Amino acid sequence: MTTEILLAGFGGQGVLFAGKILAYCGLMDSKELSWLPSYGPEMRGGTANCSVCISDEPIGSPLVLAPDILIAMNQPSFDKFVDAVKPGGKIFIDSTLIDSKCERDDVECYYIPSSQLADDNALKGGSNIILLGKLIKETNLFTLDTMKKAIEKVVPPSKAHLIENNFKAIELGMNN
Amino acid sequence: MERNLMKGNEALAEAAIRAGCKCFFGYPITPQTELAAYMAKRMHKAGGVFLQAESEIAAINMVLGAASTGVRAMTSSSSPGVSLKSEGISYLAGSDVPAVIINVQRGGPGLGGIQPSQADYWQATKALGHGDFHLLVYAPASVQEMVDMVVTAFDRADKYRIPAMILADGLLGQMMEPVSFPEISTNNYDKSSWAVDGHKNKREHHIINSLYLKPDELQNSVYERFERYEKVKAEETDAELYLTEDCDILLCAYGATARVVKSAVNSAREIGIKAGMFRPKTLWPFPVKEINAAAKNAGCLLDIEMSMGQMIDDVKLALNCSKPVHFFGRTGGVIPTPAEILEEIKKVGGAE
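As they're listed, the protein sequences go chains A and B.
With this note's numbering, letter number 36 in the first sequence gets 40, and the count goes up by one each step, no holes.
With this note's numbering, letter number 202 in the second sequence gets 1467, and the count goes up by one each step, no holes.
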């Protein structure tokens, strides 16, 4: 089985970083996986997105066109990708920055005010990780343990002091 | 073996260093810049030289100079930058100096775009510069293959004294996949008969040269090179054959496109169409016997590329036009989807 994940938001919101954490989760669990960023001019201020595939088999195209899971971090990304999600898929929405409600009834939507939560808990820039916390709670893709290990791997040694904050953000996401 | 996560561009760089590349000369261009950036960080720690040249033309000529001394040297670029390098590549070939050149293709012609493309197939396999010559051309389809093929490219370039190219694309360069670095045992080819590495007057001096003013001398030098090409054609072809034993329709694709095609082949099998795939790993020499083996029982072929159709020429030539070869391609940076390839398979193969 292959799970296709699309993460989308503004450049600077940590879309690629969150995708990297998911990719490393796959690595930790000995899965097949791929991670593909958008690398066009859009990553400098416009919408940035990132495709992640997690599978038990070798990955074909790493480009996710119809995701099983969408993480939408801003309004343009939500508008652009909401209809692309596969029926039965799940959408995780930063409801601080996205006003609209999903009108589809064949997908499950989770509205989390992740930007607000990050600000309230002194976790500036942690909205992406809060959404990942919600994701592992609502899917059985990865365990909390796997994700913690992945974070320890992805955060560079020079920023090791931020690992605890990332753990806090995940727990916030799981409990909201 | 430990699995790491790496971008294709970074994996190319790390593999080159492990293969004993001591000199890297480059110039930034999307979508291959991470390769040069990685080299900038790592090369000096590995005891080599990283230099950002003032232009692509300067970089390829630095490769010519460095490789002439017998060290392993490399440059990398993307499509428009490779065009700039073509004069230097022809000089490398004409001087029988081994080196590795990487092309992480983007859309063209002209400045084109920065999204993945395979529109440089003709350039890479037929005319990477003026004159009668070929390069060894390798086409990876995964980050792991990028590692493996860089190692092979350096080895075969030295073995045959023929420059080698890795023809990748923006998709492979930008994506991350698990990769492991095998223990690399590099062959040390004896370059003492030609390398210009200093001789303290103890031997005749060596000359690296591609200028022959007497036509028969130039002809002889080209003849000699083509004898080596024949050996390469006999010994160095490589291809992946996927579900080809019983296939009615044989898809042909290389590089990133082959990943998409494989998904489509699997979907076709699920609905009862016997599809298979031929994926050349060497583009020059083209795997002629391999494609003939793969196409043995197929009624027709379907060639898929991220271009308007370039490899299809070699597919038809390899089969002597003995079977119909259909084509589907996207270009300009558009990546074909498994669904649209499946539609094409149905159109040409599932009719009966």
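Quick reminder that beta carbons are idealized off the backbone N, C-alpha and C, glycines included.
Small disclaimer: the values here were computed from a predicted structure and weren't measured.
Residue i: first and last residue of the uninterrupted alpha helix (DSSP H) it sits in
i: L176(A); result: 167-178
i: E118(A); result: According to the sequence displayed, residue 118(A) carries Ser and not Glu. It spans 118-124 - the alpha helix (DSSP H) in which S118(A) sits, taken as one unbroken run.
i: A1563(B); result: Where A1563(B) is concerned, there is no enclosing alpha helix (DSSP H), given that its DSSP letter is neither H nor E.
i: I1538(B); result: Where I1538(B) is concerned, there is no enclosing alpha helix (DSSP H), given that its DSSP letter is neither H nor E.
i: Q1370(B); result: Careful: Q1370(B) lies outside any alpha helix (DSSP H), inside the beta strand (DSSP E) at 1365-1370.
i: Y1425(B); result: 1408-1425
i: E156(A); result: 148-158
i: T1390(B); result: 1386-1391
i: S65(A); result: Run containing S65(A): none; DSSP gives neither H nor E here.
Closest by C-alpha distance to residue i, when choosing among the options
i: N1585(B); options: A1523(B), A1499(B), K1554(B); result: K1554(B)
i: M1573(B); options: P1552(B), G1598(B), A1583(B); result: G1598(B)
i: K24(A); options: S162(A), E175(A), K152(A); result: K152(A)
i: C1286(B); options: A1324(B), G1335(B), N1269(B), Q1297(B); result: G1335(B)
i: L1401(B); options: P1345(B), E1605(B), R1490(B); result: R1490(B)
i: S119(A); options: E112(A), C106(A), A22(A), I102(A); result: I102(A)
i: M1576(B); options: A1404(B), L1300(B), R1307(B); result: A1404(B)
i: M1271(B); options: R1468(B), G1377(B), P1443(B), I1367(B); result: P1443(B)
i: R1337(B); options: P1480(B), L1476(B), D1385(B), V1365(B); result: V1365(B)
i: T1522(B); options: N1562(B), E1605(B), I1556(B); result: E1605(B)
i: E1501(B); options: I1536(B), K1465(B), P1550(B); result: P1550(B)
i: A1358(B); options: L1582(B), S1475(B), L1567(B); result: S1475(B)
i: E1352(B); options: S1342(B), N1326(B), W1459(B); result: N1326(B)
i: L1277(B); options: S1450(B), V1530(B), V1415(B); result: V1415(B)
i: E1495(B); options: K1539(B), I1427(B), L1478(B), A1433(B); result: I1427(B)
i: S1360(B); options: K1391(B), A1460(B), I1449(B), V1412(B); result: A1460(B)
i: V1314(B); options: A1305(B), H1464(B), L1515(B); result: A1305(B)
i: E168(A); options: G177(A), I155(A), D83(A); result: I155(A)
i: G137(A); options: D149(A), S162(A), K128(A); result: D149(A)
i: M178(A); options: S99(A), A164(A), N132(A), K141(A); result: K141(A)
i: G92(A); options: K84(A), L121(A), P80(A), D109(A); result: D109(A)
i: I1282(B); options: R1421(B), G1377(B), I1449(B); result: I1449(B)
i: S1587(B); options: I1569(B), N1562(B), F1593(B), E1608(B); result: N1562(B)
i: A1331(B); options: G1463(B), L1508(B), S1486(B), I1610(B); result: G1463(B)
i: P1345(B); options: G1312(B), L1329(B), D1385(B), A1311(B); result: D1385(B)
i: A1301(B); options: K1350(B), K1612(B), S1341(B); result: S1341(B)
i: L1349(B); options: I1294(B), G1594(B), L1316(B), Q1383(B); result: I1294(B)
Presumed contact (8 angstroms Cβ cut-off) between residue i and residue j, rounded CB distance
i: S42(A); j: V1525(B); result: Not confirmed; about 18 angstroms, so no contact.
i: R1371(B); j: G1435(B); result: 5 angstroms
i: F96(A); j: L139(A); result: 6 angstroms
i: S1355(B); j: F1290(B); result: Contact flag wrong, Cβ pair sits at about 17 angstroms.
i: I116(A); j: V56(A); result: 19 angstroms between Cβ atoms; not a contact.
i: P62(A); j: E36(A); result: 6 angstroms
i: G1520(B); j: C1565(B); result: Incorrect: roughly 22 angstroms between the Cβ atoms, too far for contact.
i: A1324(B); j: Y1303(B); result: Actually they do not touch by this definition, with Cβ atoms about 16 angstroms apart.
i: M77(A); j: V19(A); result: 6 angstroms
i: Q1409(B); j: P1296(B); result: Between P1296(B) and Q1409(B) the Cβ distance is about 19 angstroms, and since that is not below 8 angstroms, they are no contact.
i: C1512(B); j: K1539(B); result: 5 angstroms
i: M1430(B); j: A1389(B); result: 6 angstroms
i: M1441(B); j: A27(A); result: 6 angstroms
i: A88(A); j: I134(A); result: The pair is not a contact, with the Cβ atoms about 23 angstroms apart (cut-off 8 angstroms).
i: S1532(B); j: P1601(B); result: Contact doesn't hold; Cβ gap of about 13 angstroms is too wide.
i: L145(A); j: T6(A); result: Not a contact, Cβ separation roughly 12 angstroms.
i: K1546(B); j: A1504(B); result: 6 angstroms
N-terminal and C-terminal residue of the beta strand (DSSP E) that residue i is part of
i: K94(A); result: 94-98
i: K1272(B); result: 1269-1272
i: C1288(B); result: 1286-1291
i: L74(A); result: 73-76
i: F1593(B); result: 1590-1594
i: W1549(B); result: 1547-1549
i: A1504(B); result: 1504-1507
i: S1486(B); result: Note, S1486(B): premise wrong, no beta strand (DSSP E); alpha helix (DSSP H) at 1480-1500.
i: I1514(B); result: 1514-1517
i: V89(A); result: Neither: V89(A) is in no beta strand (DSSP E) and is coded neither H nor E.
i: S162(A); result: Segment: none, S162(A) is in no beta strand (DSSP E) and carries neither H nor E.
i: L1401(B); result: 1401-1403
For a minimum of 3 consecutive residues, which ranges assigned as the beta strand (DSSP E) are wholly contained in the region 1427-1452 of chain B? 1429-1434, 1441-1444
Of all the residues that make up the region 1418-1451 of chain B, which are near chain A by a beta-carbon distance shorter than 8 angstroms? So the list reads G1435, L1436, Q1439, M1440, M1441, E1442, P1443, given in the order they occur along the chain.
In chain order, what are the residue ranges of uninterrupted beta strand (DSSP E) at least 3 long that sit wholly in the region 1303-1351 of chain B? 1314-1317, 1337-1342
Cβ-based contacts, 9 angstroms cut-off: residues of the region 1293-1318 of chain B near chain A: Those residues of the region 1293-1318 of chain B that come within reach of chain A (Cβ to Cβ, closer than 9 angstroms) are T1295, P1296.
Give the residues from the region 1370-1402 of chain B that approach chain A closer than 8 angstroms (Cβ to any Cβ), ordered along the chain. Flagged, chain order: I1379, Q1380.
Mind listing which residues of the region 17-50 of chain A have their C-beta closer than 7 angstroms to chain B's C-betas, in chain order? Flagged, chain order: A27, Y28, L31, L37, S38, W39, L40, P41, Y43, G44.
Under 7 angstroms (Cβ pairs) to chain A, residues found in the region 1510-1532 of chain B: R1524, V1525, K1527, S1528
Taking only runs of the beta strand (DSSP E) that begin and end inside the region 5-48 of chain A, which ones reach a length of at least 3 residues, in chain order? Runs found: 6-14, 36-41.
With 8 angstroms as the limit, tell me which residues of the region 1593-1614 of chain B have their beta carbon closer than that to any beta carbon of chain A; keep them in chain order. I1600, T1602, P1603
According to a CB-to-CB cut-off of less than 8 angstroms, which residues of the region 67-84 of chain A neighbour chain B? L67, L69
Which of the residues in the region 1267-1287 of chain B, read from start to end, lie with their CB under 9 angstroms from any CB of chain A? Result list: R1268, N1269, L1270, K1272.
What residues in the region 84-108 of chain A have a beta carbon less than 7 angstroms from any beta carbon of chain B? Of all residues in the region 84-108 of chain A, none comes within less than 7 angstroms of chain B when Cβ atoms are compared.
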